[in-house]
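Enquirer:
Protein chains: 2
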Amino acid sequence: MKTINHVSEMIEISKDYGGKSVGFVPTMGALHAGHLSLVKEARKQNDIVVVSVFVNPAQFGPREDFSAYPRMIDKDQKLLEGENVDYMFSPETSEMYPKDFSTSIHVGNLTDYLCGYYRPGHFDGVVLVVNKLFNIVKPTRAYFGQKDAQQFRVLKSMVCDLNMNVEMIEMPIVREADGLALSSRNMYLSPEERKEAPILHLAIKYAVDQIKLGRKDAYKIKREAMNKLGIYPDIKIQYFEIVDEKTLVPVSKITSKVIVAAAIFLGKTRLIDNEIVNV
Amino acid sequence: MKTINHVSEMIEISKDYGGKSVGFVPTMGALHAGHLSLVKEARKQNDIVVVSVFVNPAQFGPREDFSAYPRMIDKDQKLLEGENVDYMFSPETSEMYPKDFSTSIHVGNLTDYLCGYYRPGHFDGVVLVVNKLFNIVKPTRAYFGQKDAQQFRVLKSMVCDLNMNVEMIEMPIVREADGLALSSRNMYLSPEERKEAPILHLAIKYAVDQIKLGRKDAYKIKREAMNKLGIYPDIKIQYFEIVDEKTLVPVSKITSKVIVAAAIFLGKTRLIDNEIVNV
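Those protein sequences? They're chains W and U, same order as listed.
Read in our numbering, the first sequence has 491 at position 243, and its numbers run on one by one without any break.
Read in our numbering, the second sequence has 488 at position 240, and its numbers run on one by one without any break.
1. Rounded to a whole number of angstroms, what is the C-alpha to C-alpha distance between residue 488 of chain W and residue 479 of chain W?
2. Regarding residue 350 of chain U and the ligand GDP, is the C-beta to nearest heavy atom distance less than 7 Å?
3. At which residues does the beta strand (DSSP E) containing residue 271 of chain W begin and terminate?
4. So, is the C-beta of residue 354 of chain W closer than 8 Å to a C-beta in chain U?
5. Anything in the region 485-508 of chain W with a Cβ closer than 7 Å to a Cβ of chain U? List those residues in chain order, please.
6. Mapping DSSP to helix, strand and coil, what is residue 251 of chain U?
7. Taking any Cβ of chain W, which residues in the region 388-417 of chain U have a Cβ under 8 Å from it, in chain order?
8. Checking contacts by CB at 8 Å: is residue 383 of chain W closer than that to chain U?
9. Report the rounded CA-to-CA distance for residue 437 of chain W versus residue 446 of chain W, giving the unit in angstroms.
10. Where does residue 396 of chain U fall in DSSP's three states?
11. With 8 Å set as the bound, which would you pick, yes or no: does the beta-carbon of residue 351 of chain W sit closer than that to a beta-carbon of chain U?
12. Which bits of chain U does residue 255 of chain W rub up against, with CB to CB less than 9 Å?
13. Please name the residue in W/470, W/475, W/512 whose C-alpha comes closest to that of residue 502 of chain W.
14. Less than 8 Å between the beta carbons of residue 508 of chain W and residue 452 of chain W, yes or no?
15. What's the call for residue 461 of chain W, buried or exposed, on a 16-neighbour Cβ count within 10 Å?
16. Out of W/300, W/400, W/517, W/379, which has the shortest C-alpha to C-alpha gap to residue 410 of chain U?
17. In the DSSP assignment, what residue or residues form a beta bridge with residue 354 of chain W?
18. Counting C-beta neighbours from all protein chains within 10 Å, is the total for residue 316 of chain U 16 or more, i.e. buried, or is it exposed?
19. From the DSSP secondary-structure annotation, give me the bridge partner or partners of residue 490 of chain W.
20. Can you give the beta carbon distance from residue 491 of chain W to residue 361 of chain W, rounded, assuming they're within the 8 Å contact cut?
21. Figure out for me which residue from W/285, W/408, W/301 has the closest Cα to the Cα of residue 252 of chain W.
22. With DSSP collapsed to three states, give me the class of residue 443 of chain W.
23. Which residues in the same chain have their Cβ closer than 8 Å to the Cβ of residue 463 of chain U, if we skip the five residues on either side of it in sequence?
24. Let me know the secondary structure DSSP gives residue 475 of chain W once reduced to three states.
25. Could you tell me whether the region 263-272 of chain U touches the region 384-391 of chain U, where touching means 3 or more Cβ pairs closer than 8 Å?
26. Find the residues of chain U that neighbour residue 259 of chain W, judging by a C-beta separation of less than 8 Å, and give them in chain order.
27. Out of W/307, W/322, W/331, W/255, which one is the CA nearest neighbour of residue 291 of chain W?
28. Could you tell me which chain B residues have their CB closer than 8 Å to the CB of residue 357 of chain W, listed as they occur along the chain?
29. Which chain U residues sit within Cβ distance under 7 Å of residue 379 of chain W?
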């Protein structure tokens with residue numbers, strides 16, 4: 249595996265992949281088995297695999313955890329070597345966002361609800377960095393985890409609108425044995441919080457089961473699921489929604505494919521999770 | 249020359265140019281000798297030449313001349329054939345902006361003054377369509393006229409910020425014998441207005457000559473130049489500015505490379521012009 253620290257170097261490489269297919273996994277590092285499932289799939293489907301490790305300041309709000317976000321590049325590097333990755337691309341912030349940087353990208357509609365509502369500007373930062381990374385890496389396919397289901401749909405919309413020629417692939421959520429979705433932020437949890445954390449997935453699963461049983465009233469299902477989260481006083485629900493899988497607009501009556509999606513604060517740590525349900 | 253009317257068809261072509269260089273000239277059609285100077289340069293410097301003809305609704309304000317903008321695709325086609333162009337790309341609006349389109353791009357700073365101030369949203373529309381066209385056509389080099397000096401600098405900033413791998417080339421303004429800068433909008437002018445129109449360039453040239461004489465006081469030079477435009481009562485000055493060539497910020501003291509840029513209304517027709525002066 250070759251480690252690339254400069255944008256210009258990566259551009260030089262991507263200029264000519266000699267007709268080979270390139271699978272790309274953009275990450276913020278602190279890699280876990282969720283990331284590695286993307287890398288493994290990229291490895292399976294492509295001749296060349298590029299993984300970026302870049303903690304993107306543009307997608308953090310002013311009061312969010314940018315500086316605290318876990319950075320462990322040496323460990324990440326070893327993990328990616330173990331997956332037989334060809335290039336780890338880990339640029340400097342000052343190269344990605346030079347002083348006179350002044351371009352922004354916004355995707356509307358899909359960003360109105362869920363995390364988009366509660367993290368203003370977050371998805372602008374995500375689409376900006378992925379747009380740049382796609383131009384720098386020029387992948388054939390790019391891999392994202394379903395844990396960030398809204399992120400995937402927003403990015404897909406950007407790729408489609410801007411005619412970027414990248415195949416977008418969404419991979420299933422990887423979970424701990426007790427159901428907690430893997431996330432780099434799980435390491436913020438105290439042992440006590442870690443014990444409580446699986447309730448998030450249990451509440452989502454409760455809603456999914458109710459939908460599968462044929463119930464249609466989103467409001468009642470949401471209330472019942474949120475009551476389950478209520479058993480731990482240190483959990484604050486940011487949102488618990490049942491939204492249309494395509495538009496991400498909350499539904500009142502469940503008549504087509506939906507996403508049950510939730511965000512909670514467990515102490516100071518924000519956790520998200522979701523499941524997609526075919527009706 | 250092949251005429252391409254579908255985005256998917258152009259994407260198919262741009263997937264593999266066989267290692268050949270591609271010169272691209274994005275236009276809104278109604279081609280004149282200004283456009284053709286770009287096409288000729290593209291022809292000289294590249295193996296393949298692509299010219300797009302697309303009147304981009306996204307760059308017109310609600311009260312601007314989108315529907316009135318001249319369309320003469322058959323004449324354009326013949327002119328481009330005469331220049332030995334390889335592909336004329338002329339997509340439908342509904343393909344460029346499908347119903348659920350929701351992405352926008354904004355370049356800050358450079359759009360604060362000049363046309364950017366007076367045409368809010370205009371440059372958002374320009375960078376959006378050029379971003380899409382670059383992704384669709386995948387050119388090696390792209391050619392723009394200096395008449396739209398602000399547009400060129402805004403686009404260059406977008407290309408740099410988003411790591412788009414396109415060489416941006418600015419070509420000199422082509423003028424009528426009496427100095428009027430060529431523009432598709434000149435055909436809106438009545439015979440009377442056409443006679444008055446060269447005063448725009450004369451006023452700019454007056455300012456340029458004063459700067460070349462070593463005068464530094466931008467305010468006084470601007471006032472004197474604007475007085476020259478005052479001799480025709482049906483001319484309304486939108487702006488007459490002397491701005492830094494890089495930042496496009498108006499200068500009070502002329503100490504480095506500047507652009508003398510102006511926009512006027514002559515009757516209902518908006519005309520722009522500029523000159524770049526090395527100090």
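Cβ atoms here follow ideal geometry from the backbone N, Cα and C, with glycine treated the same way.
Note that the coordinates shown come from a computational prediction; the quantities given were computed from them, not determined experimentally.
Expert: In short, the structure shows the following:
1. By one-based count along the first sequence, residue 488 of chain W stands at place 240. By one-based count along the first sequence, residue 479 of chain W stands at place 231. Computed Cα separation, rounded: 15 Å.
2. Here there are no bound small molecules, and the ligand GDP is not part of this structure.
3. Start at 1 with the first residue of the first sequence, and residue 271 of chain W comes out as number 23. Note, residue 271 of chain W: beta strand (DSSP E), 270-275.
4. The residue you call residue 354 of chain W lines up with position 106 of the first sequence. Any Cβ of chain U closer than 8 Å to the Cβ of residue 354 of chain W would place that residue at the interface, and such an atom is present.
5. Under the 7 Å Cβ criterion, the region 485-508 of chain W contributes no residue.
6. Start at 1 with the first residue of the second sequence, and residue 251 of chain U comes out as number 3. Secondary structure at residue 251 of chain U: strand, using DSSP grouped into helix, strand and coil.
7. Per Cβ criterion, the list reads 405, 406, 409, 410, 411, 412, 413.
8. The residue you call residue 383 of chain W lines up with position 135 of the first sequence. Judged by the 8 Å Cβ criterion, residue 383 of chain W is in contact with chain U.
9. Residue numbering aside, residue 437 of chain W sits at position 189 when the first sequence is read from its first letter. Residue numbering aside, residue 446 of chain W sits at position 198 when the first sequence is read from its first letter. Their Cα atoms are separated by approximately 12 Å.
10. Counting from one through the second sequence, the residue named residue 396 of chain U turns up at place 148. In this structure, residue 396 of chain U counts as helix in the three-state DSSP scheme.
11. By 1-based counting over the first sequence, the position of residue 351 of chain W is 103. Yes, residue 351 of chain W counts as interfacial toward chain U.
12. Position 7 of the first sequence, counted from the start, is the residue given in the question as residue 255 of chain W. Ordered by position in chain U, the residues that pass the 9 Å Cβ test against residue 255 of chain W are 411.
13. Residue mapping note: residue 502 of chain W aligns to position 254 of the first sequence, counting from 1. Ranking the options by Cα distance to residue 502 of chain W, first place goes to W/470.
14. Residue numbering aside, residue 508 of chain W sits at position 260 when the first sequence is read from its first letter. Residue numbering aside, residue 452 of chain W sits at position 204 when the first sequence is read from its first letter. Yes; because the gap between Cβ atoms is below 8 Å, this pair is in contact.
15. Position 213 of the first sequence, counted from the start, is the residue given in the question as residue 461 of chain W. So residue 461 of chain W ends up on the exposed side.
16. The residue you call residue 410 of chain U lines up with position 162 of the second sequence. Comparing Cα-Cα distances from residue 410 of chain U to each of W/300, W/400, W/517, W/379, the minimum goes to W/379.
17. The sequence position of residue 354 of chain W within the first sequence is 106, counting from 1. In the DSSP output, where bridge partners are listed per residue, residue 354 of chain W has U/352.
18. For the purposes of this step, residue 316 of chain U is identified with residue 68 of the second sequence, where counting begins at 1. Exposed, by the Cβ-count rule.
19. What you label residue 490 of chain W is simply residue 242 of the first sequence in a count that begins at 1. W/508, per the DSSP bridge assignment.
20. For the purposes of this step, residue 491 of chain W is identified with residue 243 of the first sequence, where counting begins at 1. For the purposes of this step, residue 361 of chain W is identified with residue 113 of the first sequence, where counting begins at 1. Between residue 491 of chain W and residue 361 of chain W a beta carbon distance of about 6 Å is seen, short of the 8 Å cut, so the two are scored as contacting.
21. By 1-based counting over the first sequence, the position of residue 252 of chain W is 4. Answer by Cα proximity: W/301.
22. Start at 1 with the first residue of the first sequence, and residue 443 of chain W comes out as number 195. In the structure shown, residue 443 of chain W sits in a helix (DSSP, three-state: H, G or I).
23. As a position in the second sequence, residue 463 of chain U is number 215, starting the count at 1. If we look at residue 463 of chain U and ignore the five residues flanking it on each side, its Cβ neighbours are 469, 502.
24. To locate residue 475 of chain W, count along the first sequence from 1; it is residue 227. Collapsing the DSSP output to three states places residue 475 of chain W in a helix.
25. With a cut-off of 8 Å on Cβ pairs, the region 263-272 of chain U is in contact with the region 384-391 of chain U, counting three or more such pairs.
26. Here residue 259 of chain W corresponds to residue number 11 of the first sequence, with the count starting at 1. Correct list: 411, 413.
27. The residue given as residue 291 of chain W occupies position 43 in the first sequence. Measuring from the Cα of residue 291 of chain W, the nearest candidate turns out to be W/331.
28. Of the protein chains in the structure, W and U, none is chain B.
29. The residue given as residue 379 of chain W occupies position 131 in the first sequence. The contacting residues are 410.
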